[in-house]
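In the numbering used here, the protein residues as written are 29 to 272.
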């Protein structure tokens, strides 16, 4: 599959690019995080230590098992919510990339319970809807974080077979079969949520029909569509001086 790293080295390089692209697109703040499944060991994933995504380099990328243990033994502080990555990879063998983001466009949906509808063609991958996670309770952790493995398992169960899940008062988690696909999907979710809120300030927005969405998916998530977007964003990083 185009865009899927085949080696650990390639996965590290791609993960650095994904971090910086998501930041530059305004989709990832200093507290979000993105990971990729280890192409050489599906029971592990790559994730930076707890560092702002804008500044992640290859030597910041660590390897974790699905229980969130640092296999590299780096001693560097990990992201507090890394459990959500491991539990999604455990529950979804088809997923090879995960991002947790706090993008503002999705927050109103998670706060109000208004359903996200795929209303624009580029967001056809969300035609089945985006579930809402609201089960944060944990005896050892307060607040609307996902810290424990049990919290993360519940979130992964809420995600189910969908491509994203909203987190009440917190943001969302988006998944993909490759890092380039993940970035395209995250960008598309953001654009769709912005358009839906604007449209529904006037009248109820009409979502894509299933047959329309499926037809658009072949284009939007096909190699040509993913490659075109990814290579454009990488070129923009280079021209902006954002490459490490």
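We treat Cβ as the ideally placed atom computed from N, Cα and C, and that holds for glycine.
Residue 104 counts as exposed, since fewer than 16 other beta carbons sit within 10 angstroms of its beta carbon. Taking the Cα positions, residue 38 is about 25 Å away from residue 108. In the DSSP assignment, residue 117 falls within the alpha helix (DSSP H) that extends over 111 to 119. Inclusion of residue 215 and residue 186 in the CB contact set at 8 Å is not warranted, their separation being larger than that value.
In this structure, DSSP gives residue 39 a helical state, which the three-state scheme calls helix.
With a cutoff of 8 Å on beta-carbon distance, residue 49 and residue 265 are scored as near each other. Here residue 58 is actually not in contact with residue 77; their C-beta atoms are around 14 Å apart, not less than 8 Å. Here DSSP, grouped into helix, strand and coil, assigns residue 65 to strand.
Going by C-alpha positions, residue 130 is about 6 Å away from residue 200.
For residue 55, same chain residues with a beta-carbon under 7 Å away, outside a window of 5 residues either side, are 129, 131, 214, 215, 218 in chain order.
For residue 75, the enclosing beta strand (DSSP E) covers residues 72 to 76. With contact defined as three or more Cβ pairs closer than 8 Å, the segment 117 to 128 and the segment 201 to 208 are in contact. Annotation for residue 134: no alpha helix (DSSP H) segment contains it, and DSSP assigns it neither H nor E. Where residue 93 is concerned, the enclosing beta strand (DSSP E) starts and stops at 89 to 93. A direct Cα-to-Cα measurement between residue 184 and residue 260 gives close to 31 Å. Separation of residue 182 and residue 195 (C-alpha to C-alpha, rounded to the nearest whole angstrom) is 12 Å.
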